[in-house]
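**Q**
Protein chains: 2
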Amino acid sequence: MKRATSKDVAKLAGVSQTTVSFVMNNTPNVSLSEETRKKVLDAANQLQYIPNSFARGLKTSQSKLLGVFLPTMDNPYYPMLMQYIEKYTARLGYSVILCCTYRNPEREKAYLDLCEEKHMDGVIYLFTPNWMKRVVQLSHTIPVVLLSEKSDDIPLNTISLNGFRCGYLVAKYLLDLGHKSIAFLMSSVSSVSLTRTKRLEGIRSAIRDAGLPPETLQVFTAPLGDSGQSEAEAGYSIMEQLLKRKDITAVIGVNDLVAFGALSCVLNSEDKRVPQDVSICGFDNIYLTTMTRPKITTVSYCTEALCELAVDMVLKATGDSDVLKLASEPQLIVRESTGPAPGTSGQCVSS
Amino acid sequence: MKRATSKDVAKLAGVSQTTVSFVMNNTPNVSLSEETRKKVLDAANQLQYIPNSFARGLKTSQSKLLGVFLPTMDNPYYPMLMQYIEKYTARLGYSVILCCTYRNPEREKAYLDLCEEKHMDGVIYLFTPNWMKRVVQLSHTIPVVLLSEKSDDIPLNTISLNGFRCGYLVAKYLLDLGHKSIAFLMSSVSSVSLTRTKRLEGIRSAIRDAGLPPETLQVFTAPLGDSGQSEAEAGYSIMEQLLKRKDITAVIGVNDLVAFGALSCVLNSEDKRVPQDVSICGFDNIYLTTMTRPKITTVSYCTEALCELAVDMVLKATGDSDVLKLASEPQLIVRESTGPAPGTSGQCVSS
DNA sequence: TTGTAGGCGTTATCAG
DNA sequence: CTGATAACGCCTACAA
């Protein structure tokens, strides 16, 4: 049973294809009689007419498709953003294609090609591209927005997550709480990402500003397993080591997953408590951080708003307009997993 | 700058469009000279020729698009399946459109329509549809596969998660461990789903088979917040109540998220320990279950294999062939969160 | 082995 | 206000 075409509708309604098109699209600057309109609508309904998007695309070269690039779904951060994007685009009449790269440049490139082939109306990157050259090239054809870390030398619209500021915020907060020996926990995948590097820089900067020595921060990187859960594993295993030491009083996970792993570890130890003995915090504000007890202190970027903004930018972009660079103002979300350093009176020195 | 078309390539290569088409598609039963082939390939390369999928679709009515329906991304179970599906389809040259319904029938219907409009080559449902009539209708046009609970009266290809068996497995396991008073924890969204009902039936059946009274199982439902994290919240808050009682020795979450919430609660209590005082387990085998300490006992359905199977079914389906019904054979994954009932010698009675 | 020609279902430009 | 008619870019008999 073949699908009804606009021609069929026209025939049934006793009008021309053109008229059908006008009615279906509510074409402006065309006024048709109520009668014709109704006739067409009825016919369309009766035949269950659904416009063929191929034909339409051929004419309009609009696909109503958006490509969303992400490295993995294993970190809930990405599905969360994905969902925000989907929720918003659906309202605008666009659909979303999942472009999961697994941090594999080949896959990334393949999806980039796909974007052209399918004439996607826009591309949103939730991480820093690996094929920068190709992405920039693509951006001449299709609007691209990066929702990740900003790199000044990239000529692409980007909404920066402002990793530096995130790191600074967290570190300043811990420093104000009296912590003098802080650990930064990275999984090995972390090293890849610009965002994560920036977070580290931010932390270091806060320490410097506080007049403390660089040794205040110690960085630990766990070897990587193969699967995504290894981020939490990483946090757990590094924390196991750290528990043997007396000096560390605060732990910053490179993201919430790592922080979660670290927290699990401490929760399982007999002698240490969070936050009385160790403070733990992360970045991203994924839902996990509110599901644990204690709930995890973290940094949020108003992700939903940023996602909507990214969509707006991508859809509004008119050809090669000026490159837009925005930075989110991250917010520290203090919850239960952080507190004054042990042996401190605990006054919060912040302004 | 307009995209190159096959006509451009033909002109540059000094051949006809037809030849270009032949070369690009490696059309069988056509042998062209190495020379022409190379000429065309070079020209295509030089012009960065990418076939226009609209035009191609218009002829072939294939979109190389798959619609994946899921209720939410908040439960990691769904992103996990989504990722499995994406990983596999990408290899087969298909892309995936995220159809997130938020359990809202209107959205679901809208996406169903979209599937027709975009001529998707297949649709995979990761939950039980709400517009069964519409889905069945759609299935006459587009292959549909359900990866969820089987309902005998639904004329759709389905891979059943076999919720009944899942419930049975878990219950039998706990019963064998000597538990005589078991709680089943549901969030209020759970009540919607067929899968979850089946799990409950399976549990009850196991109890019956063990010759124990129905009161062995007590069912608790938490009121629903608005967001997805409330599944874990539900587990947590119900567990808070249960901790005040002495009778319950084992808790089954309607899914891993609920189980996780329950676990968090117990972990935070002073007097109870998992699994010594309470056993906790769930369903789905999401990555969270291995991230906690103790790791959570759960049921797995070999989801990756099932996802690939679903994709195969959807792509191989030739028109209205016979409806295929498969059932997964779920596997109990015993981890650290379950153990013998308190006061039991703890022998495992299982064969 | 290669080229010609027609059509897929829309939209858009013109006349009427 | 409505109706022919011509593309859009590709595929595919069929012809050469």
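Protein chains in written order, with this note's numbering: chain A, 1198 to 1548; chain B, 1198 to 1548.
We put the beta carbon where it would ideally sit given N, CA and C, even for glycine.
1) Which ranges would you report for the alpha helix (DSSP H) in the segment 1312-1362 of chain A if only whole runs of at least 4 residues count?
2) Spell out whether any CB of chain A is found under 9 Å from the CB atom of V1451 (chain B).
3) Buried or exposed for P1410 (chain B), going by 16 or more other Cβ atoms inside 10 Å?
4) Strictly under 9 Å for the Cβ-Cβ distance: is N1249 (chain B) near chain A by that measure?
5) If we define contact as Cβ-Cβ less than 9 Å, is G1399 (chain B) a contact residue for chain A?
6) Under a CB-based cut-off of 9 Å, is Q1280 (chain A) close to chain B?
7) Would you say C1297 (chain A) faces chain B, with C-beta separation under 9 Å as the test?
8) May I ask you to verify whether the segment 1346-1361 of chain B touches the segment 1295-1312 of chain B, counting CB pairs closer than 8 Å and requiring at least 3?
9) In the DSSP assignment, what residue or residues form a beta bridge with T1269 (chain A)?
10) Quick one: give me the first and last residue of the alpha helix (DSSP H) that S1250 (chain B) is part of.
11) Can you give me the C-alpha to C-alpha distance between T1413 (chain A) and Y1365 (chain A), rounded to a whole angstrom?
12) Between L1209 (chain B) and L1238 (chain B), how many whole angstroms is the CB-CB distance? I'm expecting something under 8 Å.
13) Kindly provide the ranges of any alpha helix (DSSP H) runs that are 4 or more residues long and lie completely inside the segment 1267-1304 of chain A, ordered along the chain.
14) With a threshold of 9 Å between beta carbons, is Y1285 (chain A) in contact with chain B?
15) Comparing the C-beta of I1294 (chain B) with each C-beta of chain A, is any distance below 9 Å?
16) What residues from chain B crowd round H1376 (chain A), counting only those whose CB sits closer than 8 Å?
17) Residues of chain A with CB under 7 Å from T1489 (chain B), in chain order?
18) Tell me the rounded alpha-carbon separation between T1257 (chain B) and D1205 (chain A).
19) Would L1454 (chain A) pass as a contact of L1344 (chain A) if the rule is Cβ separation under 9 Å?
20) Whose Cβ in chain A lies nearer than 8 Å to the Cβ of L1464 (chain B)?
21) With a threshold of 9 Å between beta carbons, is A1429 (chain A) in contact with chain B?
22) Measuring CB to CB, does L1374 (chain A) end up less than 9 Å from T1489 (chain A)?
23) Which residue from B:I1435, B:Q1415, B:T1338 puts its Cα closest to that of S1384 (chain B)?
24) So, is the C-beta of G1425 (chain A) closer than 9 Å to a C-beta in chain B?
25) Measuring alpha carbon to alpha carbon, tell me which residue in B:V1220, B:V1448, B:L1506 is nearest H1376 (chain B).
26) For S1250 (chain B), which residues of its own chain have a beta-carbon under 8 Å away from its beta-carbon, when the five flanking residues on both sides are left out?
27) Can you say whether P1568 (chain A) is buried or exposed, counting buried as having 16 or more other CB atoms within 10 angstroms of its CB?
28) Tell me which residues share the same chain as G1425 (chain B) and place their Cβ nearer than 7 Å to its Cβ, disregarding the 5 neighbours each side in the sequence.
29) Check whether chain B comes within 9 Å of K1315 (chain A), counting only Cβ atoms and requiring the distance to be less than that.
30) Is it the case that the segment 1321-1328 of chain B contacts the segment 1385-1404 of chain B, given that we only count it when at least three CB pairs across the two stretches are under 8 Å?
31) Could you compute how far the alpha carbon of Y1484 (chain B) sits from the alpha carbon of D1350 (chain A)?
32) Does the beta carbon of S1385 (chain B) sit closer than 9 Å to a beta carbon anywhere in chain A?
33) Going by C-alpha to C-alpha distance, which of A:R1405, A:A1407, A:V1320, A:L1371 sits closest to R1532 (chain A)?
34) Would you kindly work out how many angstroms separate the C-alpha atoms of L1556 (chain A) and V1342 (chain A), rounded to a whole number?
35) I need the DSSP call for L1512 (chain A), collapsed to helix, strand or coil.
**A** So, from the listed chains and residues:
1) Qualifying alpha helix (DSSP H) stretches, in chain order: 1329-1335.
2) V1451 (chain B) does not count as touching chain A.
3) exposed
4) yes
5) no
6) yes
7) yes
8) Contact annotation: the segment 1346-1361 of chain B does not touch the segment 1295-1312 of chain B, with fewer than three C-beta pairs closer than 8 Å.
9) None; T1269 (chain A) has no bridge partner.
10) 1250-1257
11) 14 Å
12) Not confirmed; about 11 Å, so no contact.
13) 1274-1289
14) no
15) yes
16) Correct list: empty, because the minimum Cβ distance to chain B is about 24 Å.
17) S1461
18) 20 Å
19) Against a cut-off of 9 Å, the Cβ pair of L1344 (chain A) and L1454 (chain A) comes out as no contact.
20) L1464, R1490
21) yes
22) Cβ distance not < 9 Å, so L1374 (chain A) and T1489 (chain A) don't count as in contact.
23) B:I1435
24) Residue placement at G1425 (chain A) is poorly supported in this model, since its pLDDT is 49, which falls under 50; the coordinates are not used for a value here.
25) B:V1448
26) S1260, K1261
27) Because chain A here runs from 1198 to 1548, residue 1568 (chain A) falls outside it and cannot be looked at.
28) In this prediction, G1425 (chain B) scores a pLDDT of 49, lower than 50, which makes its location untrustworthy; no coordinate-derived value is stated.
29) yes
30) yes
31) Each residue's alpha carbon lies about 37 Å from the other.
32) no
33) The shortest C-alpha separation from R1532 (chain A) is found at A:L1371.
34) Outside the shown range of chain A (1198 to 1548) lies residue 1556 (chain A), about which nothing can therefore be said.
35) In the structure shown, L1512 (chain A) sits in a helix (DSSP, three-state: H, G or I).
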